[in-house]
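Visitor: Positions -25 to -1, 1 to 263 (mature numbering (1 follows the signal peptide of the UniProt record, and there is no 0)) are the ones given, in order, by the sequence shown. Where is the CB? At the ideal position from N, CA and C, for every residue including glycine. Sharing a structure, written as structure tokens. Questions coming.
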Amino acid sequence: MLKKTFAVVATLGLSASIFGGSAYAQNSTENKPGTVQYEKALKEYESKEEVQLALDVKDSNLTEIKAERKDLTEQVKDLSDPEFDRFLHNFVKENSDTVKEKKEKLNLLGVEFDQKAGNKVKTMAITDPARIKLSVYSAKRGGQNYYHIGVSWISKDFETKPATLDVVSLEWNPKYGKFYTASVPADGVTTKRDGSKYDKGIYLFNVNDSKLIFDSYATVQVTPKKSGWLEYGAKYTHTYSTTSKTTTGQASIGFDSTGPSGGYSYSVTKTTNVSSWPKYDENAVKLN
């Protein structure tokens, strides 16, 4: 079995006809809920068309969606890829629907969807301690020949002892899925880090976990290379300072071949006064 830090592994079924940026951790109290800055930013964020659409679909039942199916389907179809990625993140996060219910809703709107059930992970890095909920999912819109593979997480607090930036990967079996592109929100906590091993089935992103902001997700798009099963997953590594002194910059990483079905994964190299907290988890879901 594959071992992963904050790992979520999923499986994508393909039929015969289908298939780094660098930043520094900063402690910003302006991102805390309840502050004027946060509430202003939240109001502006929730006014985005794709966010409103996600909230509408999430809060509606199947009967209501069926009644507005034509209009909602057109709205989803008209989203750009970055807007669709943000739509998926907001549809997935804090959604109490079962995976079956989520699939039924999006299927009505012409979207093939599946998700690994999210896990709440107790971290020893963030004080209180906080809980991070990590979810991995895939989606494909009608008329497109590529899949959006996404990872989304929610933290209830921001890091009080920030160290090097956290690292999150999206990983897939390169024998079945060909890398198309990677995307992150323009103003979120995530930045592209390393795409040099995309042909090995991995793309790395940096995460500034000292900021509590809304767009905490990353996405890659892959196209099918052949029919069969495409395994994919995500690994989140949280780093924190073991002293009162803040450590900044990128964590050093190394690649290995422990990813899905022989694809690549990564590990964070331990440095002075910086530790990482591992949590192992794995699962498999089938997409038809």
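At which residues does the alpha helix (DSSP H) containing E24 begin and terminate?
Guide: Position 49 of the sequence shown, counting from 1, holds the residue named residue 24. Looking at the DSSP string, the run of the alpha helix (DSSP H) that includes E24 is E24 to D34.
Visitor: Is the number of C-beta pairs between the segment 201 to 214 and the segment 76 to 90 that are closer than 8 Å three or more?
Guide: The segment 201 to 214 vs the segment 76 to 90: no contact.
Visitor: Does the contact criterion of 3 or more C-beta pairs under 8 Å hold for the segment 154 to 168 versus the segment 38 to 55?
Guide: No, the segment 154 to 168 is not in contact with the segment 38 to 55.
Visitor: Taking only the alpha-carbon atoms, compute the straight-line gap between G14 and Y151 and give it to the nearest angstrom.
Guide: By one-based count along the sequence shown, residue 14 stands at place 39. By one-based count along the sequence shown, residue 151 stands at place 176. Just to set this straight, residue 14 is Glu in the shown sequence, not Gly. Roughly 44 Å between the two C-alpha positions.
Visitor: Under 8 Å between the Cβ atoms of V26 and L47?
Guide: As a first step, residue 26 is located in the sequence shown; it is residue number 51 there, counting from the start. As a first step, residue 47 is located in the sequence shown; it is residue number 72 there, counting from the start. Result no, Cβ atoms of V26 and L47 do not sit closer than 8 Å.
Visitor: Would DSSP call T198 helix, strand or coil?
Guide: Stepping through the sequence shown from its first residue, residue 198 is reached at position 223. Reduced to three states, the DSSP call for T198 is strand.
Visitor: If I follow the unbroken beta strand (DSSP E) through T156, where does it start and stop?
Guide: Numbered from 1 along the sequence shown, position 181 holds the residue referred to as residue 156. First-last of the beta strand (DSSP E) with T156: G152 to S158.
Visitor: Just to confirm the assignment, what range does the alpha helix (DSSP H) spanning N70 have?
Guide: Position 95 of the sequence shown, counted from the start, is the residue given in the question as residue 70. Run containing N70: none; DSSP gives neither H nor E here.
Visitor: Does Q90 come out as helix, strand or coil in the three-state DSSP assignment?
Guide: Numbered from 1 along the sequence shown, position 115 holds the residue referred to as residue 90. DSSP places Q90 in strand when its eight states are reduced to three.
Visitor: Can you pull the DSSP bridge partners for N82?
Guide: In the sequence shown, the residue the question calls residue 82 occupies position 107. Answer is none; N82 lacks a bridge partner.
Visitor: With a 10 Å radius around its C-beta and 16 neighbouring C-beta atoms as the bar for buried, classify A193 as buried or exposed.
Guide: Residue numbering aside, residue 193 sits at position 218 when the sequence shown is read from its first letter. Buried is the call here.
Visitor: Whole angstroms is fine: what's the gap from A114's alpha carbon to R61's?
Guide: By 1-based counting over the sequence shown, the position of residue 114 is 139. By 1-based counting over the sequence shown, the position of residue 61 is 86. Those two C-alpha atoms are separated by around 12 Å.
Visitor: Taking 6 Å as the limit between beta carbons, can you name the residues of its chain near L81, skipping five residues before and five after?
Guide: If you number the sequence shown from 1, residue 81 lands on position 106. Cβ neighbours of L81 beyond the five flanking positions: F88.
Visitor: Does L37 pass the burial test, meaning 16 or more other C-beta atoms within 10 Å, or should it be called exposed?
Guide: Counting from one through the sequence shown, the residue named residue 37 turns up at place 62. Under this definition L37 is an exposed residue.
Visitor: Taking S191 as the reference, which of A161, D56, A29 and L54 has the closest Cα?
Guide: For the purposes of this step, residue 191 is taken as residue 216 along the sequence shown, with counting starting at 1. Of the listed residues, the one whose Cα sits closest to S191 is A161.
Visitor: Going by DSSP in three states, E43 sits in which element: helix, strand or coil?
Guide: In the sequence shown, residue 43 corresponds to position 68, counting from 1. E43 falls in the coil class under three-state DSSP.
Visitor: Could you compute how far the alpha carbon of T198 sits from the alpha carbon of Y155?
Guide: Translated into positions along the sequence shown, residue 198 becomes position 223. Translated into positions along the sequence shown, residue 155 becomes position 180. Roughly 6 Å separates the two Cα atoms.
Visitor: Under the rule that 16 or more other beta-carbon atoms within 10 Å means buried, what is Y121, buried or exposed?
Guide: Taking the sequence shown and counting its residues from 1, one reaches residue 121 at position 146. Result: buried.
Visitor: Spell out the partners DSSP gives R116 in its beta bridges.
Guide: What you label residue 116 is simply residue 141 of the sequence shown in a count that begins at 1. R116 pairs with V86.
Visitor: Can you give me the C-alpha to C-alpha distance between D123 and K91, rounded to a whole angstrom?
Guide: For the purposes of this step, residue 123 is taken as the residue at position 148 of the sequence shown. For the purposes of this step, residue 91 is taken as the residue at position 116 of the sequence shown. According to the sequence shown, residue 123 is His rather than Asp. H123 and K91: Cα-Cα distance of roughly 14 Å.
Visitor: Given this structure, state the Cα-to-Cα distance separating A157 from K200, to the nearest angstrom.
Guide: For this step, residue 157 is matched to residue 182 along the sequence shown. For this step, residue 200 is matched to residue 225 along the sequence shown. Each residue's alpha carbon lies about 18 Å from the other.
Visitor: By Cβ distance, which residues of its chain are closer than 7 Å to K78, with the 5 residues on each side in sequence left out?
Guide: Numbered from 1 along the sequence shown, position 103 holds the residue referred to as residue 78. Once the five neighbours on either side are set aside, the close Cβ partners of K78 are F88 and D89.
Visitor: On the three-state DSSP scale, how would you describe D169?
Guide: Numbered from 1 along the sequence shown, position 194 holds the residue referred to as residue 169. Looking at D169 - three-state DSSP - the assignment turns out to be strand.
Visitor: Can you name the residues that DSSP bridges to V164?
Guide: Counted from its first residue, the sequence shown places residue 164 at position 189. Its beta-bridge partners do not exist; DSSP assigns none.
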